[in-house]
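Here the protein sequences line up with chains A and B, keeping their order.
Read in the numbering used here, the first sequence has 396 at position 364, and its numbers run on one by one without any break.
Read in the numbering used here, the second sequence has 419 at position 305, and its numbers run on one by one without any break.
The structure under discussion appears below in the form of structure tokens.
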Amino acid sequence: MSELSVVGKNVIRLDALEKVTGTALYAADEALGEPGMLHGKVLWSPHAHARIISIDISRAKKVPGVEAVLTGKDVPEARVGSCVDDQHMLAREKVRFVGDAVAVVAARTLEAAEEALALIKVKYEVLPAVFDAEEAMRPDCPVVLHPGLSGYKRNMYPYLGNDLPGPNVHTHHKVRRGNVEEGFRQADLIVENRFSTARISHCQLEPASSVARPNVDGTLVISTSTKSVYTGVQAEVCRFFGLPPSKVRGVTHYIGGNFGSAPRAHIFAALAAIRTGRPVKVVFSREECFFRDLNRLPMVIYLKDGVKKDGTLVARQIKLICNCGAYAQITPLVIRNGSFGSSQYRIPNFRWDAYGVYTNEPPSGAFRGFGNAQPFWAMEQHMDIIAEKLRMDPVELRQKNLIAEGEENLRGEKTHSMGAAECLDKVAQWIGWGRPTSQPSSNTVKVAKGFALANKYTQVDTIASALVRFNKDGFVDVFHGSDEIGQGSQTVLAQIAAEELGVPVEKIKVIWGDSARVPYDHGAISSRTTMFVGNAIRAACQDVKRLICATASPVMGAAPEDLEARGGQIYFRSNPSKSMPVSDLFLPGRATCLPHDAELLGQGTFFYKGYSDGDPETGQGTRLTASYCYTAHAVEVAVDTETGEVKVLRFCSATDVGRAINPKLCEAQSEGGIAQGIGSALYEEMLLDRGRVLNCNFHDYGMPRMTELPGNHDLKCFLVEANHREGPFGAKGMGEGAMTPSAPAIANAIYNATGVRLMDLPMSPERLLRALKAQNKEAGHKSGPL
Amino acid sequence: MGCSQHIDATSVTEAISILQSQGDKAVLVAGGTDLVGMLNNRLISPETLVNIKTIPGMDYIREYSGGLRIGALTRIRDIETSAIIREYFPVLAEAAVSVGSPQIRRMGTLGGNFCQEVRCWYYRRSPATGKTFTCYRKGGNVCYATSGDNRYHSVIGGKKCFAACPSDMAVALASLHAHATLAGASGTRSVPVEDFFIPLGNILKPGEMLTEVSIPALKPGSRQKFLKFRHRKTIDFALCSVASVLEVEAGVVADASLVLGGVAPFPYRAKAAEQVLKGQPLTEDLASEAGAAALRAARPLSLNAYKVTIGRVLVKRAILGVDM
Chain A
33 MSELSVVGKN VIRLDALEKV TGTALYAADE ALGEPGMLHG KVLWSPHAHA
83 RIISIDISRA KKVPGVEAVL TGKDVPEARV GSCVDDQHML AREKVRFVGD
133 AVAVVAARTL EAAEEALALI KVKYEVLPAV FDAEEAMRPD CPVVLHPGLS
183 GYKRNMYPYL GNDLPGPNVH THHKVRRGNV EEGFRQADLI VENRFSTARI
233 SHCQLEPASS VARPNVDGTL VISTSTKSVY TGVQAEVCRF FGLPPSKVRG
283 VTHYIGGNFG SAPRAHIFAA LAAIRTGRPV KVVFSREECF FRDLNRLPMV
333 IYLKDGVKKD GTLVARQIKL ICNCGAYAQI TPLVIRNGSF GSSQYRIPNF
383 RWDAYGVYTN EPPSGAFRGF GNAQPFWAME QHMDIIAEKL RMDPVELRQK
433 NLIAEGEENL RGEKTHSMGA AECLDKVAQW IGWGRPTSQP SSNTVKVAKG
483 FALANKYTQV DTIASALVRF NKDGFVDVFH GSDEIGQGSQ TVLAQIAAEE
533 LGVPVEKIKV IWGDSARVPY DHGAISSRTT MFVGNAIRAA CQDVKRLICA
583 TASPVMGAAP EDLEARGGQI YFRSNPSKSM PVSDLFLPGR ATCLPHDAEL
633 LGQGTFFYKG YSDGDPETGQ GTRLTASYCY TAHAVEVAVD TETGEVKVLR
683 FCSATDVGRA INPKLCEAQS EGGIAQGIGS ALYEEMLLDR GRVLNCNFHD
733 YGMPRMTELP GNHDLKCFLV EANHREGPFG AKGMGEGAMT PSAPAIANAI
783 YNATGVRLMD LPMSPERLLR ALKAQNKEAG HKSGPL
Chain B
115 MGCSQHIDAT SVTEAISILQ SQGDKAVLVA GGTDLVGMLN NRLISPETLV
165 NIKTIPGMDY IREYSGGLRI GALTRIRDIE TSAIIREYFP VLAEAAVSVG
215 SPQIRRMGTL GGNFCQEVRC WYYRRSPATG KTFTCYRKGG NVCYATSGDN
265 RYHSVIGGKK CFAACPSDMA VALASLHAHA TLAGASGTRS VPVEDFFIPL
315 GNILKPGEML TEVSIPALKP GSRQKFLKFR HRKTIDFALC SVASVLEVEA
365 GVVADASLVL GGVAPFPYRA KAAEQVLKGQ PLTEDLASEA GAAALRAARP
415 LSLNAYKVTI GRVLVKRAIL GVDM
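Here's what the structure looks like:
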């Protein structure tokens with residue numbers, strides 16, 4: 033391959049100017065002041081579990097300006113959902129969490145909608161509720177959320193509904209490799225612990241916003257903040273309302289962060305728009321985002337590892353109990369795909385049982401890392417526990433067990449593009465592993481380092497298409513269906529097109545965000561845009577180049593294969609000094625060229641032909657993922673042993689991105705991941721009291737602020753480039769892996785500082801003080817007999 | 115917000131007369147950094163907002179016979195940057211800089227810092243969440259924190275309401291033995307700062323307003339420290355804070371004033387700890403002993419015993435003049 037001219041460069045974001053000047057449009061900017069537009073508000077259940085006895089909307093309907101008051105009897109009979117159809121759009125017989133949708137009001141003013149909402153009288157019979165997943169999982173749990181579960185339709189991976197141990201369990205995902213009992217018999221050391229993770233919120237800056245407009249031709253146009261204009265808007269609305277795709281058009285603008293949140297304000301807007309025939313806008317408040325965004329799935333993790341004296345892992349057994357909340361949503365897939373992370377080590381005997389459990393808490397869903405950060409919280413602490421017990425260096429222990437390029441991983445996939453070892457080396461070197469800390473410990477403040485290694489796969493079973501239009505002025509329009517959720521994908525995709533066409537990136541215009549105007553894509557999920565859409569765009573560029581050469585062939589008097597289109601010129605391959613500008617193809621009057629103003633269009637589609645679903649009983653397959661992005665984090669912390677305060681002094685990440693199309697944007701993803709990772713480790717937890725989120729605002733919820741993050745020379749993000757043979761220019765997805773190792777890295781550092789191992793998230797001062805107290809007590813007992 | 119009237123008051127007398135005639139239908143607004151959130155969450159629904167920013171002459175930091183008078187409309191930022199406060203009452207400057215964020219300190223006033231509402235998440239709960247909690251503070255007959263999540267609530271002095279006093283300024287000012295001046299229709303009265311706060315609010319009577327805080331003269335050379343522990347280093351309110359003012363002569367504590375914040379519904383004067391210190395040589399052991407004494411009265415709820423541990427450490431460190 034010749035030298036790359038645009039790929040690998042820190043091209044300034046295409047959206048930079050719009051965003052810094054405040055002209056960038058977001059979903060909430062839509063329809064401001066639009067005549068006839070209605071405001072939609074949703075009435076949420078105040079109870080965690082209750083039967084609806086009656087709903088009286090008579091007074092609400094009389095409020096001047098109110099156009100519709102809709103309840104459960106106004107929504108389609110069929111239940112809907114992502115993986116399991118377990119939910120009515122508005123509750124019919126029961127509410128199952130504080131925040132379950134009970135009614136929608138559409139009114140000419142927001143004030144009228146709010147007034148009407150307050151006048152809806154709902155009579156409930158409060159039912160006993162269950163909040164703890166382990167309690168809910170018991171076969172004899174007296175609270176059953178979905179007595180009809182066995183009859184519910186499953187849209188995705190129906191095998192996850194097999195072998196359910198209790199009436200509240202909707203998902204059981206299994207992975208089997210070798211024989212763990214045999215593995216544990218061979219082991220010289222067995223380590224076994226229970227870990228847990230907290231329910232955390234995405235806290236994307238933009239609260240959910242949506243406008244649904246019924247068109248006179250019967251089309252429903254839905255403008256919303258989502259990560260996938262096709263799958264997240266069009267396909268979902270079609271399925272929920274029984275509409276054909278041609279009748280639903282999804283539109284997106286810039287999106288103010290996502291991280292996996294799926295609040296679905298557009299479902300309520302669509303419902304009210306269909307019923308009133310008027311445009312309806314629904315904007316969620318921050319409080320509503322907290323219980324509607326589908327937070328990060330809390331897990332209880334029972335981990336048992338068997339290892340030989342020399343550090344060879346021989347067996348790993350994991351049981352995960354996942355508190356999915358009141359509806360399954362996307363959690364069965366989160367649970368299934370959370371298993372991929374464990375394949376970074378060579379483990380001959382492996383057993384994984386993950387259970388998705390209904391409780392009366394707000395439903396969970398996708399969250400940066402998609403189910404992988406939680407098992408890593410346990411697994412990467414175990415690696416340090418094992419290393420210490422075997423008196424091995426924890427870097428060495430990990431290096432020893434890392435799966436190698438070409439090796440079959442514990443899921444049956446052939447390992448490729450494996451940069452984990454280099455990631456580990458890079459962070460260990462930067463943090464100064466094995467060398468003194470940057471500041472000494474005192475009597476009360478202990479300073480130490482820790483690290484962890486993790487990864488995030490990219491989903492394999494999706495598809496992307498792209499269109500490229502080569503214009504006569506040399507500018508190129510690139511059309512695709514993935515959304516800009518702040519990650520900078522439009523810039524990266526423009527770079528890929530510019531590189532392939534040999535034109536400056538300034539000549540690329542990227543068009544996205546409208547299912548009526550751009551080709552299909554699965555969306556900005558699973559760190560897939562660069563690889564899938566990038567490949568589709570690359571193919572479309574190659575297609576248009578072929579067309580250019582074919583069109584130029586008669587003019588230039590050469591066979592198409594003897595011509596090359598590059599940089600807006602068409603060259604003779606045999607003599608590159610002879611060329612013709614592509615724009616000449618548009619010259620009027622040249623009958624052999626394009627007719628006046630005709631277009632040069634290329635198209636491309638990317639998908640994996642040979643992917644496998646995985647065996648339902650063993651989870652084994654040959655191609656379950658598209659790629660793996662490896663991320664190592666190393667951290668230095670100062671722990672105040674008297675107050676329990678943990679300060680992150682230095683932080684380093686190394687991420688194997690395959691190839692960095694835009695290194696600065698990759699580093700920005702890494703930095704954002706570190707911030708979110710520190711939050712998840714030390715501060716963040718949705719606190720619930722009988723199912724109600726108490727800290728559902730940015731004051732009470734513990735997102736880290738700038739003061740909690742290391743900066744300048746204390747923060748370093750390395751990029752490792754283990755080229756992926758199927759990625760565009762070797763690139764693979766990287767955004768989601770960015771926070772997967774943070775929490776265990778910090779936990780390992782806290783242990784190294786204090787000797788206290790925290791197994792529950794977040795590692796708050798309360799928890800740390802309690803653990804330190806227990807440690808002192810134990811030390812007291814040990815010295816007691818003297 | 116639904117307020118039907120917004121009046122720019124031009125004098126304390128006018129503001130008081132509006133409060134008197136309208137009762138709880140009128141509320142005062144200065145910086146609004148807390149009040150606007152209260153209005154948005156419908157915790158109060160007044161008919162009249164009385165803007166007191168338009169009252170001239172209530173924004174001052176003035177010396178008087180060695181002490182200081184601070185007008186209720188003085189912004190936190192002005193207290194934080196006042197040369198005289200930094201030099202003679204650094205405990206107050208340290209408390210001021212710990213308040214909120216730069217934006218809040220430039221908007222918020224001393225009076226507002228005293229009169230802000232508690233941060234209890236049951237009390238503050240937004241109606242946007244579907245259901246709010248009618249607790250003692252809202253006229254109900256239950257405190258939801260005592261049986262719920264009380265990790266941020268009081269460990270000392272809770273009665274009916276267990277929310278902690280959110281004011282940092284009051285903690286520092288109480289340690290300086292400051293008094294608050296309250297003006298009403300029948301004249302003014304003066305109360306020690308720590309007595310201004312009570313578990314269900316403050317002692318302001320209907321038709322009264324806070325106009326000034328006065329700090330008495332202080333012997334020169336006192337050792338002052340304000341320490342604040344919170345989850346994050348900015349914006350957050352204190353989980354526990356300590357203001358300490360010590361007079362140390364030849365290594366012996368001649369006088370001590372220790373006040374804790376974040377642990378009680380009011381600035382908590384740790385009298386027992388003050389007694390431990392007085393007349394004793396200042397050592398690390400003595401500071402620890404004072405820390406233990408300061409929290410001896412604590413009766414933690416189910417989830418906030420850690421505040422006692424942290425409080426002891428903070429008292430010790432404040433006495434020793436150690437930073438967090």
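Glycine included, each C-beta is placed from N, C-alpha and C at the ideal position.
Note the first and the last residue of the continuous beta strand (DSSP E) segment covering B:F340. Element bounds for B:F340: 337–343.
May I have the straight-line CA-CA distance separating B:Y237 from A:E649, to the nearest angstrom? Each residue's Cα considered, the two are about 50 Å apart.
Candidates B:G181, B:V256, B:V285: closest to B:L224 by CA position: The shortest Cα separation from B:L224 among B:G181, B:V256, B:V285 belongs to B:V285.
Grouping DSSP H, G and I as helix and E and B as strand, with all else coil, what is A:L64? It is coil, neither helix nor strand.
Closest Cα partner of A:P742 within the set A:G282, A:V669, A:E35, A:P797: Residue A:V669 is the option with its Cα nearest to A:P742.
Could you list which residues in chain B have their beta carbon closer than 7 Å to that of A:L142, in chain order? Within 7 Å of the CB of A:L142, no CB atom of chain B is found; the nearest one sits about 12 Å away.
Can you check which of these residues, B:R346, B:I270, B:A331, is closest to B:S215 by C-alpha distance? It is B:R346.
How about A:V280 and A:C270: do their beta carbons lie closer than 7 Å? Between A:V280 and A:C270, the gap from beta carbon to beta carbon is short of 7 Å.
Short-range partners of chain A found in the segment 189–220 of chain B, where Cβ spacing is below 7 Å: Residues: none.
Reference A:P776; option with closest CA among A:K155, A:F300, A:K478, A:P426: It is A:P426 whose Cα lies nearest to the Cα of A:P776.
For a minimum of 4 consecutive residues, which ranges assigned as the alpha helix (DSSP H) are wholly contained in the segment 374–432 of chain B? Counting only runs of 4 or more residues that sit fully inside the segment 374–432 of chain B, the alpha helix (DSSP H) segments are 385–391, 398–408, in chain order.
Which bits of chain A does B:R346 rub up against, with CB to CB less than 9 Å? Those are Y715, G734, M735, P736, R737, T739, E740, listed as they occur along chain A.
Judging by CA-CA distance, which residue of B:E161, B:R189, B:T248 is the nearest neighbour of B:D173? Nearest in C-alpha terms to B:D173, of all of B:E161, B:R189, B:T248, is B:R189.
Taking its Cβ as the centre, do 16 or more other Cβ atoms sit within 10 Å of B:K333, making it buried, or is it exposed? When all chains shown are included, B:K333 counts as exposed.
Check A:V27 in the structure and name its three-state DSSP category. Because residue 27 of chain A is not part of the residues shown, which for chain A are 33 to 818, the question remains open.
Exposed unless 16 or more other CB atoms sit within 10 angstroms - verdict on A:M738: The residue is exposed, with fewer than 16 neighbouring Cβ atoms inside 10 Å.
Could you work out which residue in A:V459, A:V510, A:L159 is closest to A:G482 when comparing CA atoms only? Nearest option by C-alpha distance: A:V459.
Per DSSP, which residues does A:V725 bridge with? Please list them. A:V725 is bridged to A:L720.
Give every residue of the same chain whose Cβ lies closer than 8 Å to the Cβ of A:T251, excluding the five residues on either side of it in the sequence, and list them in chain order. Correct list, in chain order: S278, K279, V280, R281.
Give the C-beta separation of A:Q491 and A:I693 to the nearest angstrom, bearing in mind that I take them to be a contact with Cβ-Cβ under 8 Å. Between A:I693 and A:Q491 the Cβ distance is about 19 Å, and since that is not below 8 Å, they are no contact.
Tell me the rounded alpha-carbon separation between A:V134 and A:S182. Cα to Cα, the separation comes out at about 24 Å.
Test: B:I424 CB closer than 7 Å to a CB of chain A: At least one chain A Cβ lies under 7 Å of B:I424.
Which two residues bound the contiguous beta strand (DSSP E) that contains A:F322? Segment 318–324 is the alpha helix (DSSP H) holding A:F322; no beta strand (DSSP E) there.
Beta carbon of B:D322, beta carbon of B:G298: below 7 Å? Per the sequence shown, the amino acid found at residue 322 of chain B is Glu instead of Asp. Cβ atoms of B:E322 and B:G298: closer than 7 Å.
Of all Cβ atoms in chain A, is any one closer than 7 Å to the Cβ of B:T243? Taking a beta-carbon distance threshold of 7 Å, B:T243 counts as an interface residue toward chain A.
Alpha carbons only, please: which of A:H298, A:G545, A:Y189, A:S396 is nearest the one belonging to A:F291? Comparing Cα-Cα distances from A:F291 to each of A:H298, A:G545, A:Y189, A:S396, the minimum goes to A:S396.
My understanding is that A:C115 touches A:Y189, with C-beta atoms under 8 Å, so please give their C-beta distance in whole angstroms. Between A:C115 and A:Y189, the beta carbon gap of about 7 Å places them in contact (Cβ cut-off 8 Å).
B:M115 versus A:G734: straight-line alpha-carbon distance, rounded: Only weak support exists for where B:M115 lies, its pLDDT of 46 falling under 50; the value from the coordinates is given anyway. Cα to Cα, the separation comes out at about 28 Å.
Inter-residue Cα distance where the pair is A:A568 and B:N264: In this model, A:A568 and B:N264 are separated by some 54 Å (Cα to Cα).
From which residue to which residue does the beta strand (DSSP E) around A:Q601 run? Residues 601–604.
Straight-line Cα distance separating A:E146 from A:K73: A straight line joining the alpha-carbon of A:K73 with that of A:E146 spans about 7 Å.
Under the three-state reduction of DSSP, which class applies to A:L818: helix, strand or coil? Bear in mind that a pLDDT of 39 at A:L818, under 50, signals an unreliable position, so the number given afterwards is only what the model happens to contain. Secondary structure of A:L818 (DSSP, three-state): coil.
Under a CB-based cut-off of 7 Å, is B:D263 close to chain A? It does; some Cβ of chain A falls within 7 Å.
Considering only the alpha carbon of each residue, which of B:M152, B:G171, B:P170 lies closest to B:L78? The displayed coordinates of chain B run from 115 to 438. Any statement about residue 78 of chain B would go beyond what the structure contains.
Give the DSSP-derived three-state secondary structure of A:M33 in the structure shown. Here the model assigns A:M33 a pLDDT of 48, short of 50, so the residue's position is not dependable, and the following value carries that caveat. Reduced to three states, the DSSP call for A:M33 is coil.
With a threshold of 7 Å between beta carbons, is A:E674 in contact with chain B? Interface residue (Cβ-Cβ distance to chain B less than 7 Å): A:E674 is classified as such.
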